[in-house]
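Down below is the structure, laid out as structure tokens.
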Amino acid sequence: MKNSIMKNGISIFTAVAFFLPAFAMAAKQQAMPDPVIVVESANDFARTVKIFKEEIKNAGWSVLNANNMSGVLSSKGHTLHPVMIIDVCSGKYSAKILAKDEYRPVSAFMPCRVSIYQTSDGNVFLSRMNTGAFGSMMPEEVAEIMSKSDSEISKIITKASGK
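Here it is in structure tokens:
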């Protein structure tokens, strides 16, 4: 009897030890949204960058910076596939946040950054911070502004991706 309890205990322990990481990972994925949103582009790298910049302008946003990371790093001896990080801003959203002293710490998340990159297999992606995931941590008014901004940038990325 004692041997049977011992065997059953070991079997239960083995099952729990085997399945617990999978359950924990599934629970974590459901509880926490991804911090980054990635969209694949149907266009090549150069076309994706060009269309993205055009769509930013068409939407009334501004390109503040375009950082050619692969270019900068290649000058330092590193060979990489194309990576362009583009800082964009919409005054109608950023001004609302920056106008209030108590909301200015959120400026650490500004401007909106979109990365356009090509993988080693030639696929092109656009990625950005999942502002919706951070909204619940912000004051209600800031969360609403971030949500509206996020909705617009999502539409711009969809157009730039050609999907």
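Taking the working numbering as reference, the numbering of the sequence shown is continuous, increasing by one, and the terminal residue is 1259. From the three backbone atoms N, C-alpha and C, an ideal C-beta is built for every residue, glycine too.
Give the DSSP bridge partners of residue i, in chain order.
i, result
"N1163", "I1181"
"L1222", "V1135 and I1212"
If residue i sits next to residue j, beta carbons under 8 Å apart, how far is it from one beta carbon to the other, in whole angstroms?
i, j, result
"F1205", "Y1213", "Not really, about 20 Å apart at Cβ, beyond 8 Å."
"T1166", "V1179", "According to the sequence provided, residue 1166 is Ser. The question's Thr does not apply to it. Confirmed, about 5 Å."
"I1193", "V1238", "6 Å"
"M1215", "H1177", "Reading the sequence as shown, one finds Thr at residue 1215 and not Met. With a Cβ gap of about 6 Å, T1215 and H1177 count as contacting."
"S1223", "V1132", "5 Å"
"P1201", "D1183", "With a Cβ gap of about 19 Å, P1201 and D1183 do not count as contacting."
So does residue i have its beta carbon nearer than 8 Å to some heavy atom of the ligand ATP?
i, result
"H1174", "Although the ligand ATP was asked about, the structure shown includes no ligands whatsoever."
Looking at the structure shown, is residue i part of a helix, part of a strand, or coil, going by DSSP?
i, result
"S1211", "strand"
"M1234", "coil"
"L1176", "coil"
"S1257", "helix"
"A1191", "helix"
"M1242", "helix"
"S1171", "coil"
"D1217", "coil"
"S1203", "helix"
"S1186", "coil"
Compare the C-alpha of residue i against each of the options and name the closest.
i, options, result
"W1157", "V1135, T1175 and R1209", "R1209"
"S1245", "P1178, M1165, N1226 and G1258", "N1226"
"A1142", "P1235, N1219 and M1242", "N1219"
"N1161", "N1139, H1174, I1147 and I1181", "I1181"
"K1259", "E1248, N1139 and P1129", "N1139"
"N1163", "S1203, K1149 and M1233", "K1149"
"E1248", "M1233, S1186 and S1232", "S1186"
"P1129", "I1241, I1147, A1229 and S1203", "A1229"
ask   = If you scan the segment 1126-1161 from start to end, which runs of the beta strand (DSSP E) of 3 or more residues do you find wholly inside it?
value = Within the segment 1126-1161, the beta strand (DSSP E) runs of at least 3 residues that lie entirely inside it are, in chain order, 1132-1137.
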